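These protein sequences, in sequence, are chains A and B.
Using this note's numbering, you'd call the opening residue of the first sequence number 1 and step up by one each time.
Using this note's numbering, you'd call the opening residue of the second sequence number 1 and step up by one each time.
Every residue, glycine too, gets a C-beta built ideally from N, C-alpha and C.
All values derive from a computational prediction rather than experimental measurement.
Protein chains: 2
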Amino acid sequence: MKLYKKGDASSYTLGVFPTIELLKQRPQNVKRVVVHSSIEQNKGYPVIQTLCQKHHIPIDIHDRTIEKLSPKNNCYAIGVFETYQSCLQNDNHVVLEHPMDMGNMGTMMRTMLGFGYKNLVIIKPAVDIFDPKVIRASMGAIFHLNAVYYDSFEDYYQQFSNRKFYPFMLEGATNIHQVLPEKPYSLILGNESHGLDDHYLNYGQSIFIPHSEDIDSLNLSMALGIALFHFSKEQWEGKEVLKENI
Amino acid sequence: MKLYKKGDASSYTLGVFPTIELLKQRPQNVKRVVVHSSIEQNKGYPVIQTLCQKHHIPIDIHDRTIEKLSPKNNCYAIGVFETYQSCLQNDNHVVLEHPMDMGNMGTMMRTMLGFGYKNLVIIKPAVDIFDPKVIRASMGAIFHLNAVYYDSFEDYYQQFSNRKFYPFMLEGATNIHQVLPEKPYSLILGNESHGLDDHYLNYGQSIFIPHSEDIDSLNLSMALGIALFHFSKEQWEGKEVLKENI
């Protein structure tokens, strides 16, 4: 086993929780699971064992592999999987232009899943979503999503032009609080440093998230989280309980 | 100059942008500014020079100090300041119980400032807000805020009991979409791993942010950002332009 490099044909999860997510969502792509000999006490281990047995996936106990791939962390399990291609559904999309930060990408994937968004478009150049750092930051949310790369926004637009586009821009025309979403739609956000450039004002209804002049802009994952919270409001505002108080 | 250690009586900003924020917001606390000899081309340097002149703050050119305090980064300026105590205003508060992640803390400060919240209560044990990593992640937003530590939530509560409390909890009683804020209020959020424990159900109106069961919880800074976006809605929903399109 080698450390992951951008574009490798296989990658791996680091940790029990994302490994379970991988086994639940993408068992067909898993080659094997490597565990540390001290995993026995971990309450996630029986879950891993059951899932591996069900899908005929081998489990190897191999401390040195774990220590090599995750030298700094308390990591008990690694799920090795073949990277895969996904297909976009004609549902609401999140479009990220040139996202470059692995931690941000993982956080955004987790937030998307939290608000029920499963289709992610990434305009290249961009971070490699199968980097173990992205997977870890996503806490396994990545395995629930359809994430598809495009070489340019225009390539994506040609395929999905028949929908509503909402580019998020500091110079956007409409205050987010005043938007009533028309489905299906694509929420488009620029990258960490530059945002979207002016030509996105030509696509659909450009939106700004109002904030004080004391800051230049919200950070990218925060802006996306707020956008998803607002745009999915209708789906969630009637919910009466999130978790039962046991 | 030594690397900052928790609780030191002085700390420092890393970078031109947060140094300017420091000089603008807290000039009375600045002892000196250290710059790298290659700062001349940086367009922020004249701003630093003007502010230092105005407030009689010395500027030292000293490359080795910069390289020592910021070995990995392209850092051109460091603002050395005495740490200070702030006072809470009887306005809306954000209360964070045991926040432990420096990057998260900085992001939350920046988001608070973005939505017009300037009063931050931190329940110990917690991250040291004057750590240069927090300052950097806040992009200088810290210097706009009144951040005050308390030993326990009860200490804080005794001083500010005459207001509305909104603890954010997975088991919260009320969906955030259905809350009409009563001012002044305190939004209370737990830490990255544990959230708030059940006894917070006894304070004010507990709130949950609805999300799918595919994730355990939103991350802390995301939950706070969404809370601030929703609670400050009235202030921002009439805004017609964020930035002029030049």
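According to DSSP, is residue i part of a helix, a strand, or is it coil?
i                        : result
aspartate 60 (chain B)   : strand
histidine 211 (chain A)  : coil
isoleucine 135 (chain A) : helix
histidine 93 (chain B)   : strand
arginine 32 (chain B)    : strand
asparagine 42 (chain A)  : coil
serine 192 (chain A)     : Note that residue 192 (chain A) is glutamate in the sequence shown here, rather than serine. In this structure, glutamate 192 (chain A) counts as coil in the three-state DSSP scheme.
alanine 126 (chain B)    : coil
leucine 201 (chain A)    : helix
glycine 79 (chain A)     : strand
leucine 88 (chain A)     : coil
tyrosine 149 (chain B)   : strand
lysine 24 (chain A)      : helix
valine 241 (chain B)     : coil
valine 47 (chain B)      : helix
tyrosine 117 (chain B)   : coil
proline 167 (chain B)    : strand
asparagine 175 (chain B) : strand
isoleucine 246 (chain A) : With a pLDDT of 49 at isoleucine 246 (chain A), under the threshold of 50, the predicted position of this residue should be treated as unreliable, though the coordinate-derived value follows. Three-state DSSP puts isoleucine 246 (chain A) in coil, outside helix and strand.
serine 70 (chain B)      : coil
serine 161 (chain A)     : coil
Closest by CA to residue i, which one among the options?
i                           : options                               : result
leucine 41 (chain A)        : A:Phe208, A:Tyr76, A:Gly140, A:Phe229 : Per the sequence shown, residue 41 (chain A) should be read as glutamine rather than leucine. Residue A:Tyr76 is the option with its Cα nearest to glutamine 41 (chain A).
valine 148 (chain B)        : B:Lys68, B:Lys124, B:Tyr203           : B:Lys124
proline 167 (chain A)       : A:His144, A:His36, A:Gln205, A:Thr19  : A:Gln205
alanine 173 (chain B)       : B:Phe208, B:Ser86, B:Pro181           : B:Phe208
tyrosine 200 (chain A)      : A:Val121, A:Phe115, A:Glu97           : A:Glu97
aspartate 63 (chain A)      : A:Ile226, A:Tyr84, A:Ser217, A:Ser37  : A:Ser37
leucine 196 (chain B)       : B:His211, B:Ala223, B:Leu3            : B:Ala223
threonine 83 (chain A)      : A:Val16, A:Lys5, A:Phe17, A:Gly15     : A:Lys5
glycine 44 (chain B)        : B:Gly15, B:Gln25, B:Glu240, B:Ile66   : B:Gly15
alanine 141 (chain B)       : A:His230, A:Gln178, A:Gln85, A:Glu213 : A:Glu213
tryptophan 236 (chain B)    : A:Gln178, A:Ala9, A:Met112            : A:Gln178
phenylalanine 153 (chain A) : A:Thr111, A:Asn202, A:Arg110          : A:Asn202
phenylalanine 81 (chain B)  : B:Ile39, B:Gln25, B:Ser186            : B:Gln25
histidine 230 (chain B)     : B:Tyr150, B:Thr111, B:Glu240          : B:Thr111
Could you name the residues of the same chain whose beta carbon sits closer than 8 Å to that of residue i, not counting the 5 residues immediately before and after it, in chain order?
i                        : result
isoleucine 57 (chain B)  : Leu23, Pro27, Val30, Lys31, Arg32, Val33, Leu51
proline 184 (chain A)    : Asn90, Asp91, Asn92, His93, Arg163, Lys164
isoleucine 226 (chain B) : Ile176, Ile209, Leu218
leucine 88 (chain B)     : Asn119, Val121, Asn146, Val148, Phe160
glutamine 49 (chain B)   : Ile59
proline 132 (chain B)    : Tyr4, Ser11, Tyr12, Thr13, Leu14, Leu69
alanine 9 (chain A)      : Glu82, Thr83
Taking Cβ positions only, does residue i come closer than 8 Å to chain A?
i                           : result
histidine 177 (chain B)     : yes
isoleucine 142 (chain B)    : no
glycine 172 (chain B)       : yes
aspartate 214 (chain B)     : yes
glutamate 182 (chain B)     : no
glutamate 237 (chain B)     : yes
leucine 120 (chain B)       : no
histidine 211 (chain B)     : yes
phenylalanine 165 (chain B) : no
phenylalanine 153 (chain B) : no
phenylalanine 208 (chain B) : yes
Spell out whether any CB of chain B is found under 8 Å from the CB atom of residue i.
i                           : result
phenylalanine 115 (chain A) : yes
lysine 54 (chain A)         : no
phenylalanine 231 (chain A) : no
glutamate 240 (chain A)     : yes
Closer than 6 Å by C-beta to residue i: which residues in its own chain qualify, once you throw out the five before and the five after it? Chain order, please.
i                       : result
threonine 13 (chain B)  : Thr19, Leu22, Gly79, Ile135
isoleucine 61 (chain A) : Val35, Ser37
glycine 106 (chain B)   : Val134, Ala137, Ser138
alanine 126 (chain A)   : His98, Pro99
State yes or no: is the C-beta of residue i within less than 8 Å of the C-beta of residue j?
i                           : j                           : result
methionine 100 (chain A)    : asparagine 191 (chain A)    : yes
phenylalanine 130 (chain A) : serine 232 (chain A)        : no
asparagine 104 (chain A)    : leucine 220 (chain A)       : yes
valine 95 (chain B)         : isoleucine 188 (chain B)    : yes
glycine 7 (chain A)         : aspartate 128 (chain A)     : yes
leucine 180 (chain B)       : leucine 170 (chain A)       : no
histidine 211 (chain A)     : phenylalanine 143 (chain B) : no
lysine 54 (chain A)         : methionine 1 (chain A)      : no
isoleucine 215 (chain B)    : leucine 113 (chain A)       : yes
What residues of chain C sit near residue i, judged by a beta carbon separation below 8 Å?
i                        : result
methionine 222 (chain B) : The structure shown contains no chain C; its protein chains are A and B.
For residue i, I'd like the list of residues in its chain whose CB is within less than 7 Å of its CB, leaving aside the five on either flank, ordered along the chain.
i                       : result
histidine 194 (chain B) : none
tyrosine 117 (chain A)  : Asn92, Val94, Leu228
isoleucine 39 (chain B) : Tyr45, Tyr76, Ala77
glutamate 182 (chain A) : Lys164
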